[in-house]
Structures are given as structure tokens and as C-alpha cells.
Amino acid sequence: MSIDLTILFLYYSVPKTIEENYELASISLEYLRECRKDSVVESHTYVTGSNNGKRGGYVHVECEHMLQLEIGSGGGEIMKGRTSWRPKYGK
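Numbering (the numbering used here), first residue to last: -10 to 80.
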């Protein structure tokens, strides 16, 4: 899986409110295994730290991401990632 495709999976899996009010500050990716071109991949995102919906200051939102093979095709993690989001200026 290419890094461009991986980043798209991560970006489109974050909640809309984060996408609308925050910009990506940092990203880290850990590739665990490869997948084949006919593999079915599941994308999971978990918000692990936030400012409880309040905007202000320099509060960041943290997300953990995981791509895994579909359970029926053997399962298993393909990639783990972590993103940090900062408030958009002018919002």
C-alpha cells in the first residue's frame, strides 16, 4: 500500500468536526505487514485526546489509526498511525 493511499485512509476517517476545525500538525506511521492488491482493508480511527469540544488556546486533538485486513481474509494489522491536529487559524 502506498504512503499516499495510507494518508488518504487516515484523513478521510477522522470525524468531520476535526476536519472542519483543525489542521494536521503531525503524523506518524508504523507499517506492520503488506497487503495484496485484491485485499479488503478496514480503516479504524479513535479520538484519544481532545479539548472536549471547546476551542481555544493551543489545544490539540490526538487520533489513533489502524488499517487491518478484513476479518474474513485472515485479519491482522497492516499499519498503525497517530495524528495530532491543531486549531485552524481564523476559525
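Cβ coordinates follow ideal geometry from the N, Cα and C atoms, glycine included.
Pair within 9 angstroms by beta-carbon distance, residue i and residue j
| i | j | result |
| --- | --- | --- |
| Gly70 | Leu18 | yes |
| Leu58 | Ser28 | yes |
| Glu23 | Leu56 | no |
| Ile67 | Leu21 | yes |
Local Cβ density within 10 Å of residue i, reported as buried at 16 or more and exposed below that
| i | result |
| --- | --- |
| Val50 | buried |
| His54 | buried |
| Tyr1 | exposed |
| Thr72 | buried |
| Tyr78 | exposed |
Within-9 angstroms CB hit, residue i to chain B
| i | result |
| --- | --- |
| Asp(-7) | Looking at the structure shown, chain B is missing, and only one protein chain is on hand. |
Rounded distance between the beta-carbons of residue j and residue i, thought under 8 angstroms
| i | j | result |
| --- | --- | --- |
| Pro4 | Val48 | Actually they do not touch by this definition, with Cβ atoms about 16 angstroms apart. |
For this session: Ignoring anything shorter than 4 residues or poking outside the stretch -8 to 24, list the alpha helix (DSSP H) runs there in chain order.
Result: -8 to 2, 5 to 10
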